[in-house]
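Student: Going by the UniProt record's numbering, the residue at position 12 of the sequence shown is 12; the numbering climbs one at a time, nothing skipped.
The beta carbon of each residue, even a glycine, is placed where N, CA and C say it ideally should be.
Encoded as C-alpha cells, here's the structure I'll be asking about.
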Amino acid sequence: MSATRLLVLGAIRTMQPVHGYVVRRELVSWRLEETTNVKPGSIYGAIRTLVKDGCVAVHERSGGDDRPERTTYVLTGEGEKEFQLMLREAWWKVSSPKEPLIPALTMLLFLPREELVRALEARIGALEGSLDGLTFQRSTIKDGATGADGDIPEHVREILDFVSMRTRAEIEWTKGLRKRLRDGAYTFAGEPGFPDLGPGRGWNSQA
C-alpha cells in the first residue's frame, strides 16, 4: 500500500475541489515526512498518477496570459472506492515496518566495541532531539481543530503520539544496548576469542 496515494486521496476527498499546492501544503504541515516515507516532492507525482488511473479528475483549470495555470481536482467514484479500500487495509492488515538498522545489527560484531558505543550515544542524541520536536509539534495543535481554519486537525495528535511512543521505545532499547556493550557483552572484532570470519569464512564454514 502506498502511504502517499492514501494521503493524497484523503486530502482531495476532504478539501475538493482543491489545488494541488493546497494538498501539498496541508500534508506538509502535518510533518508526515518525519513520521512516514511520504516526501513532499512525491505529492504532485501522486496526483498525476491518480488522474491517469481515473481516481482523481480535473475539476477546473484557470490562469492564462501572464498568470500560471492553476488546476483544481476532485475525487471520482473510482477514487472513493480506492480510498475506502486502502484505508481499511491499513487498519486491518498488520505488517512489520522495514527497519534499516536490522541488517547492521546482524553485523554489529565487525565494528570495534568503542566505535559502536559512540555511535549508539550519537543515535540516542538524535532520537531525543526528534522526540523533542514531536512533543513541541503536539503542543501546537488546538483542541477541537478540524483543519477547516488552516490549523492542523486535532486527530493528528494520534500520529504524533504513535511515533513518539515508538521513538521512546527505541531510545530505551538503544540505551540498554549501550549498557550491555559497556558491560562486556559479546565478543567483537579485534578482541580475544573473536572467530576468524574473514572473507570466505562464514559462521558455519568448516574450512
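Apart from the five residues just before and just after residue 205, which ones in its own chain have a Cβ nearer than 7 angstroms to its Cβ?
Tutor: Annotation note: pLDDT 47 at residue 205 (below 50); position unreliable, no value reported.
Student: State whether the segment 10–17 contacts the segment 121–141, with contact taken as three or more CB pairs (one from each stretch) at a distance under 8 angstroms.
Tutor: no
Student: DSSP three-state label for residue 207, please.
Tutor: Its pLDDT being 42, under 50, residue 207 is placed unreliably by the model, and nothing is read from it.
Student: Between the Cα of residue 32 and the Cα atoms of 53, 184, 3, which residue gives the shortest distance?
Tutor: 3
Student: Is the Cβ-Cβ distance between residue 113 and residue 181 less than 8 angstroms?
Tutor: With contacts defined as CB atoms closer than 8 angstroms, residue 113 and residue 181 qualify as a contacting pair.
Student: Tell whether a beta-carbon distance below 8 angstroms holds between residue 72 and residue 60.
Tutor: yes
Student: What would DSSP say about residue 69, mapped onto helix, strand or coil?
Tutor: strand
Student: Verify whether the separation of the beta carbon atoms of residue 154 and residue 148 is less than 8 angstroms.
Tutor: no
Student: Identify the continuous alpha helix (DSSP H) that holds residue 139 and give its terminal residues.
Tutor: 113–139
Student: Per the DSSP calculation, residue 57 is bridged to which residue(s)?
Tutor: 74
Student: Alpha carbon to alpha carbon, how far is residue 107 from residue 194? Give it in angstroms, no decimals.
Tutor: 13 angstroms
Student: Measure the Cβ-Cβ separation of residue 156 and residue 141 and say whether it is below 8 angstroms.
Tutor: yes
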